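There are 2 protein chains.
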Amino acid sequence: MDQPYKIYVCSFHTILLEVIMQKKESIATIRARERKYFERGPEWFCEFRYSKIKGLDQEENVNRRDPSAVLCVDGTYYTWYTKNTGPHAGFGTGDLDAKVWPWDYSEIWYASSKDGYTWKEEGRAVGRGEKGCYDDRSVFTPEILQHDGHFYLVYQAVQHPYLRRTKNTIGMAIAESPHGPWKKVDQPILKPTDTGEWLGEEDNHLSVKHKGEFDSHKVHDPVLFYYRDKYYLYYKGETMGEQLYMGGRETKWGVAIADNPTGPYVRSPYNPITNSGHETILWPYKEGMVAMLTTDGPEKNTIQYAEDGINFNIMSMIKNAPEAPGPFRSYSTTDPLCGIKWGLYHICHDGWNYIVRFDMDLWQREYYHERRSFNDK
Amino acid sequence: MDQPYKIYVCSFHTILLEVIMQKKESIATIRARERKYFERGPEWFCEFRYSKIKGLDQEENVNRRDPSAVLCVDGTYYTWYTKNTGPHAGFGTGDLDAKVWPWDYSEIWYASSKDGYTWKEEGRAVGRGEKGCYDDRSVFTPEILQHDGHFYLVYQAVQHPYLRRTKNTIGMAIAESPHGPWKKVDQPILKPTDTGEWLGEEDNHLSVKHKGEFDSHKVHDPVLFYYRDKYYLYYKGETMGEQLYMGGRETKWGVAIADNPTGPYVRSPYNPITNSGHETILWPYKEGMVAMLTTDGPEKNTIQYAEDGINFNIMSMIKNAPEAPGPFRSYSTTDPLCGIKWGLYHICHDGWNYIVRFDMDLWQREYYHERRSFNDK
Numbered sequence: 174m175d176q177p178y179k180i181y182v183c184s185f186h187t188i189l190l191e192v193i194m195q196k197k198e199s200i201a202t203i204r205a206r207e208r209k210y211f212e213r214g215p216e217w218f219c220e221f222r223y224s225k226i227k228g229l230d231q232e233e234n235v236n237r238r239d240p241s242a243v244l245c246v247d248g249t250y251y252t253w254y255t256k257n258t259g260p261h262a263g264f265g266t267g268d269l270d271a272k273v274w275p276w277d278y279s280e281i282w283y284a285s286s287k288d289g290y291t292w293k294e295e296g297r298a299v300g301r302g303e304k305g306c307y308d309d310r311s312v313f314t315p316e317i318l319q320h321d322g323h324f325y326l327v328y329q330a331v332q333h334p335y336l337r338r339t340k341n342t343i344g345m346a347i348a349e350s351p352h353g354p355w356k357k358v359d360q361p362i363l364k365p366t367d368t369g370e371w372l373g374e375e376d377n378h379l380s381v382k383h384k385g386e387f388d389s390h391k392v393h394d395p396v397l398f399y400y401r402d403k404y405y406l407y408y409k410g411e412t413m414g415e416q417l418y419m420g421g422r423e424t425k426w427g428v429a430i431a432d433n434p435t436g437p438y439v440r441s442p443y444n445p446i447t448n449s450g451h452e453t454i455l456w457p458y459k460e461g462m463v464a465m466l467t468t469d470g471p472e473k474n475t476i477q478y479a480e481d482g483i484n485f486n487i488m489s490m491i492k493n494a495p496e497a498p499g500p501f502r503s504y505s506t507t508d509p510l511c512g513i514k515w516g517l518y519h520i521c522h523d524g525w526n527y528i529v530r531f532d533m534d535l536w537q538r539e540y541y542h543e544r545r546s547f548n549d550k
Numbered sequence: 174m175d176q177p178y179k180i181y182v183c184s185f186h187t188i189l190l191e192v193i194m195q196k197k198e199s200i201a202t203i204r205a206r207e208r209k210y211f212e213r214g215p216e217w218f219c220e221f222r223y224s225k226i227k228g229l230d231q232e233e234n235v236n237r238r239d240p241s242a243v244l245c246v247d248g249t250y251y252t253w254y255t256k257n258t259g260p261h262a263g264f265g266t267g268d269l270d271a272k273v274w275p276w277d278y279s280e281i282w283y284a285s286s287k288d289g290y291t292w293k294e295e296g297r298a299v300g301r302g303e304k305g306c307y308d309d310r311s312v313f314t315p316e317i318l319q320h321d322g323h324f325y326l327v328y329q330a331v332q333h334p335y336l337r338r339t340k341n342t343i344g345m346a347i348a349e350s351p352h353g354p355w356k357k358v359d360q361p362i363l364k365p366t367d368t369g370e371w372l373g374e375e376d377n378h379l380s381v382k383h384k385g386e387f388d389s390h391k392v393h394d395p396v397l398f399y400y401r402d403k404y405y406l407y408y409k410g411e412t413m414g415e416q417l418y419m420g421g422r423e424t425k426w427g428v429a430i431a432d433n434p435t436g437p438y439v440r441s442p443y444n445p446i447t448n449s450g451h452e453t454i455l456w457p458y459k460e461g462m463v464a465m466l467t468t469d470g471p472e473k474n475t476i477q478y479a480e481d482g483i484n485f486n487i488m489s490m491i492k493n494a495p496e497a498p499g500p501f502r503s504y505s506t507t508d509p510l511c512g513i514k515w516g517l518y519h520i521c522h523d524g525w526n527y528i529v530r531f532d533m534d535l536w537q538r539e540y541y542h543e544r545r546s547f548n549d550k
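Written out as structure tokens, the structure reads:
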């Protein structure tokens, strides 16, 4: 009967040691307290599930990507997206006409749907500009605003040639129906700042004498809202001489604000307004704006809220978020996740980009909510 | 010639406004400064790529999951894993013998490989205990330590019946060769604390009068190291009455320390030592321990470092990390990611779990490093 005795001694020894050693806080526990990780419930927390759609799915030799927000107009859903054909060769081929990326030589197309699952490609909304124009090489990553009887498309534009150091701009086109006709604004509504300085002549966007502002190289992924009686143009910036940090790529969002839809758009003095995030995903909630940051930066995979649309606080840390989504536009004063219930996004498979659907998945919230009796009164 | 004039006015207006408005810091920029997001480079940052392996791949009616760390012994790789057969029915069927989870009614098996890609299943390492023993229902989620001529398997153990409120334990078996024979330690080396109180008689693990400590319900995913002349048993804890927070599930890690491999294991007074993370993944680096937190909690998808093995600071924010990985055991004093270069993990497809391989992917780091001239001297 050695064994029971030994166990008894061990247990006593263990209990004694645990009593003797005064309880201490680990750095992780201190950090959790300081950052208030456990003071907020899952009201801003969600997961996502994914499904295929018909009509914009995988097609050999065709890229469809960057779907805009989904609008519902007269009972029909609409989305706008980047479309182009043919393979891409990358930079540095020596051929300035060679297609460099899956978003090079693009046009903006649109599609409609009655149910959000089966889509009909309707045709081209906005094409490239004439040779010599700021958008003669590619127009892509569209977003849509419906406001005051007008539809506003905002999108990236690139002028030929498309090199690593090429600075892009943001263009706009306006229509009075989802079906167009679209009238382009003559000039870009936003350009990168002119605050960095390249080093040397090599086409290397990481080589700089100094980096310049966060949006000195690229102004990407524009999304436009009518908000606080003004036009808020959110975008992702990339700096000349981008670096890699503990959180990965150096991408941050900015906002430029105008009294009129066509501008002039004036950058917020608070820019950058995020320290992370790739494609812009935002939606209005109560008096503020919600942002979902994915893919890049130290705060990737967070949902954040700014009461003023500018100063964003972390509200939840999520996972498996869709990249580059276009959410169905919906507004609520009671559900902070109203603007991300479902939508479209793109994936890449076998070298071609195509569009799929996401739906918010609240199984975990519902499970914990239904089963919980702790803290219930 | 209206247009050029208008543009000139707009540009001037824009510049003027930007000059007038004094530059301000957004809350996100302040947070980045306070948390030092941009003071650390990508030395701890990585991505992962995935590939199939032969020998432990998908098989109808069989679950292979939770691969341990991969050891190299006499030029051959070894891994241990959870294995069971047949479908599971979930809780609440009324049949106490029904298999509840893909890790119920498991045994611990092992496999060997010469190249890390083609594996040979060698057979059972550790089975379930006799009826009435603490491990008579399931043994699973093994981890392996090779030290001082011995091999130590640590694993979860469950005693029949397996209900929602069942508390598990951590068992150990010892051998002098990867091929065994394995001798079990008679009693669990760690149990959940006895600090919470269930509410009511219903088998509901979320219903409590009070929650108790972070590891009052479950001690999961043990991993053992010989470290600082002692045995450090890291594990994931789950509390009785777990809640969902802004970061998702409430899972945290603890560590229990012993002078001898079989115990007694005494919990650190600093427990919990993380505020996040699901399956434990750790490796030694320099004098400290590195942890990769995935899946759950506000600090999911981070790599953290503790100089003392206990107080973990965030070193990088990653993405697409393998869940439940068993990394190849490797030590370095110069590469903080030495312990996660490659390994095995499991995925679930068509209802069955099987084992695949991950490899660290540093393309982004190499890209930025090679191309950068900024800050280079």
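In order, the protein sequences belong to chains A and B. Counting in our numbering, the first sequence runs from 174 upward without gaps. Counting in our numbering, the second sequence runs from 174 upward without gaps. Ideal Cβ positions, reconstructed from N, Cα and C, are used throughout, including at glycine. Model, not experiment: these values are computed from the prediction.
Host beta strand (DSSP E) of I476(A) (start-end): From DSSP, the beta strand (DSSP E) with I476(A) extends over 475-479.
Rounded separation between K514(B) and T249(B) - CA only: 17 Å
Three-state class that DSSP yields for H383(B) in the structure shown: It is a strand residue.
Option nearest M465(B) by Cα separation, candidates M419(B), D481(B), G512(B), T339(B): G512(B)
Residue ranges of each alpha helix (DSSP H) within the region 474-519 of chain A, 4 or longer: Runs of the alpha helix (DSSP H) spanning 4 or more residues and lying entirely within the region 474-519 of chain A do not occur at all.
Simplified DSSP assignment, three categories, for D532(B): strand
Outcome for P334(A) when other beta-carbon atoms lying within 10 angstroms are tallied against a minimum of 16: exposed
Endpoints, alpha helix (DSSP H) assigned at A201(A): 200-207
Unbroken beta strand (DSSP E) run spanning G420(B), endpoints: It is not in any beta strand (DSSP E) - G420(B) carries neither H nor E in the DSSP assignment.
Rounded C-alpha distance that separates I281(B) from K364(B): 20 Å
C-alpha distance - E423(A) paired with E411(A), whole-angstrom precision: 7 Å
Length of the line joining the Cα atoms of T252(B) and N444(B): 29 Å
Nearest-angstrom beta carbon gap, S224(B) and V529(B) [assumed within contact, 8 Å]: 7 Å
Proximity to H323(A) [Cα-Cα], best of P354(A), Y307(A), N341(A), Q332(A): P354(A)
Interface partners of L417(B) on chain A, CB under 9 Å: G214, P215, F218, Q537, R538, Y540, Y541, H542, R545
Local conformation of R238(A) per DSSP, three classes: For R238(A), the three-state secondary structure derived from DSSP is strand.
Start and end residues, beta strand (DSSP E) containing A348(A): 342-348
A431(A) versus S350(A) - alpha carbon distance: 23 Å
Bridge partners - A431(A), DSSP secondary structure assignment: Y404(A)
For L255(B), the nearest candidate out of R301(B), T291(B), F485(B) (CA to CA): Rather than Leu, the amino acid found at residue 255(B) in this sequence is Thr. Comparing Cα positions, the closest option is R301(B).
Chain B contacts from the region 487-505 of chain A (Cβ-Cβ distance under 9 Å): I487, M488, S489, M490, I491, K492
C-beta neighbour in chain B for F485(A), strict 8 Å: Flagged as an interface residue toward chain B: F485(A), by a C-beta distance shorter than 8 Å.
D230(A) vs P315(A) beta-carbon contact at 8 Å: For D230(A) and P315(A), no; Cβs fall outside 8 Å.
CB contact flag (T339(A), V327(A), <8 Å): no
Candidates G436(A), W371(A), H383(A), H378(A): closest to Y568(A) by CA position: No answer is possible for residue 568(A): the residues shown for chain A start at 174 and end at 550.
CB-CB length for L397(B) against V428(B), believed under 8 Å: About 10 Å separates the two Cβ atoms, so there is no contact after all.
E316(B) in three-state terms, based on DSSP: strand
Members of the region 378-406 of chain A that neighbour chain B once the beta carbon cut-off is set at 7 Å: L379, S380, V381, K384
Boundaries of the beta strand (DSSP E) in which Y251(A) is found, first to last residue: Y251(A) -> beta strand (DSSP E) spans 249-258.
For W274(B), the three-state DSSP class (helix, strand or coil): Three-state DSSP puts W274(B) in coil, outside helix and strand.
Per-residue burial, K391(A) [other beta carbons within 10 Å of its own, 16 or more giving buried]: Buried, since its Cβ has 16 or more Cβ neighbours within 10 Å.
Closer than 8 Å to chain B by CB, S224(A): no
Distance between L336(B) and T551(B) (C-alpha atoms, nearest Å): Nothing can be reported for residue 551(B): it is not among the residues displayed for chain B, which extend from 174 to 550.
Chain A contacts from the region 424-435 of chain B (Cβ-Cβ distance under 7 Å): Cβ contacts with chain A: none found.
Nonlocal neighbours in the same chain, by C-beta distance under 7 Å from T453(B), ignoring five residues either side: D394, V396, Y407, Y408, K409, W426
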